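Some notes on the structure that comes next.
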Amino acid sequence: MTQSTSEGTNGPNEVRSGAILLVCVLIGGYVISQFFRNSITVIAPDLARELALEATTLSLLASVYYLSFALVQIPLGMAIDRYGARIAMIVTLLVLIVGTFWFVFARGYGDLVAARLVIGIGCSSLLMAPLAIYAERFPPRQFATMAGIHIGAGNIGTLMATAPLAHGAATIGWRGSFFIAGLFACLMTVLIYCFVTESSTARQQRRARAESLPQLLAGIGAVMRIPHFWMIFCVAAMTYPSFAAILALWAGPWMAHVYDMPLETRGGYLLALVAAQIVGLFAWGGTDRLFRSYSIPVALGLVLGAVMLAIPALFALPRGWLLAYLVLCGLAFGFSPVLTAHGRSLFPQALIGRGLALINIGSIGGVFIQQMVTGLVMAQFETRLVDGAQVYPEVAYRTAFGVLAAEVAFALLLYWRVKDTHPDRIA
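Add 79 to a position in the sequence shown, counting from 1, and you land on the number used in my numbering.
Following this line, the structure appears as structure tokens:
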């Protein structure tokens, strides 16, 4: 841990305890973001039945979160570099609270879409702001590990959006479940206000820069001109979004339509998928130090990810194999912290907020695009009406998996051209 973690004359144990508390509170905020990001897939068939939604309208409801999330990343990155990560998180969390209760009391599809847009803005800082804090407080060699811990533990929120949400929706309804989520958002806002502080070093450096709006905008251009930035951006836009299109939207309907699974069974299988991803995030997070390279673990992850998406595109998976497949898929796509660390290594400290935010535009904006594209792919196939819901044939899902597998394979080809900037390679 760098010296900026410590303040004044605090002893090592006090500094360590403060760092642990800081990380736990930051993870708690990210739990909220992950819950809302992935909460549609479990209740998608029920929403489709209640509101007579088709694939395109359902994919829009899921994906508008990612659209608004991505659109605010540039001003968010500027705000982090100018005003600090803590202020950015508090402001956006207040927006999240408004969006959550709007969603709870929505009267129709239009309200749900608008509320999801606001929720996306509210969650926009809960990954990038903590990563900016880790970049300032921890050495570069530890960044991938810290990112893996943050993203992995934060996926408790994704876990909560599977079987627990399915159980909640079946007992108190989806509105009651989201009301509880709104109360948790209120709690985390208070905790972040009380326990997340800016180090004196970071505060002094930020105030010394005191960038004007033109200077902040110029910093965006400086990030875009950094060598290999656009390659990392494109890879980010095609990897996690491909996995998220399955996890956050189509896995639930796929299991319902192809395997005729009830709600709670789908929730349990999604729980296994997310649990495997969490294990993968922790496992992949330290592989850059094991290989002393960013490129080796990321390239390996891309190969595994493309293979896992290609399997259901090429083969009709027996129901008995489905759980094992989902677990392996979750493990394969846990390499995103290493890709994020590779991107972070490109940026000087003064541009960390804007640099990470721009890469996140690729990642989150890519989810919006992937969900809309796969929705359009699915819409090309004829459906049948079952219990008032549109049911898509297996070939529609196999085609969607195939499109996503091809994109991850293309991302691997792009990534081969990116220079490995791991500290052990350039030291």
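Ideal placement from N, C-alpha and C gives every residue a C-beta, glycine not left out.
All figures in this text were calculated on a predicted structure; none of them were measured in a lab.
- Its Cα nearest to that of Leu175, the residue Cys265 stands out among Cys265, Ala315, Ala242.
- DSSP places Ala242 in the uninterrupted alpha helix (DSSP H) bounded by 242-250.
- Pro320 counts as buried, since no fewer than 16 other beta carbons sit within 10 angstroms of its beta carbon.
- Straight-line spacing of the CA atoms in Val170 and Leu369 works out to 38 angstroms.
- Under the three-state reduction of DSSP output, Val151 falls in the coil class, being neither helix nor strand.
- By the C-beta density criterion, Ala248 is buried, having at least 16 other C-beta atoms within 10 angstroms.
- When beta bridges are read from the DSSP output, Ala468 appears opposite Val465.
- Val406 and Ala327 do not touch by the CB rule: their CB atoms are close to 18 angstroms apart, not below 8 angstroms.
- Cβ-Cβ distances below 7 angstroms link Ala362 to Gly413 in the same chain, with the five nearest sequence neighbours on each side left out; the list follows chain order.
- Beta-carbon to beta-carbon, Val382 and Val104 are separated by about 36 angstroms, too far to satisfy the 8 angstroms threshold.
- The DSSP-derived three-state label of Ala429 is helix.
- The region 469-488 makes no contact with the region 191-206: fewer than 3 CB pairs, one atom from each, lie closer than 8 angstroms.
- Distance from the Cα of Ile166 is smallest, within the candidate group Gly364, Leu388, Ala232, Ser204, for Ser204.
- Per DSSP, Met310 is one residue of the alpha helix (DSSP H) stretching across 308-317.
- Within its own chain, the residues whose Cβ lies closer than 8 angstroms to the Cβ of Tyr471, once the five positions on either side in sequence are excluded, are Ala134, Pro332, His336, Met457, Phe460, Thr462, listed in chain order.
- Counting the other Cβ atoms within 10 Å of the Cβ of Cys408 gives 16 or more, which makes it buried.
- In summary, Ala395 is exposed, with fewer than 16 beta-carbon neighbours lying within 10 Å of its beta-carbon over all protein chains present.
- Straight through space, the alpha carbons of Ile325 and Ser138 are spaced by roughly 11 angstroms.
- No Cβ-Cβ contact shorter than 8 angstroms links Val314 with Thr366.
- In this structure, DSSP gives Gly187 a state outside helix and strand, which the three-state scheme calls coil.
- Taking a cut-off of 8 angstroms for Cβ pairs, the region 439-456 and the region 148-164 touch, as three or more such pairs fall below it.
- Judged by DSSP in its simplified three-state form, Gln459 adopts coil rather than helix or strand.
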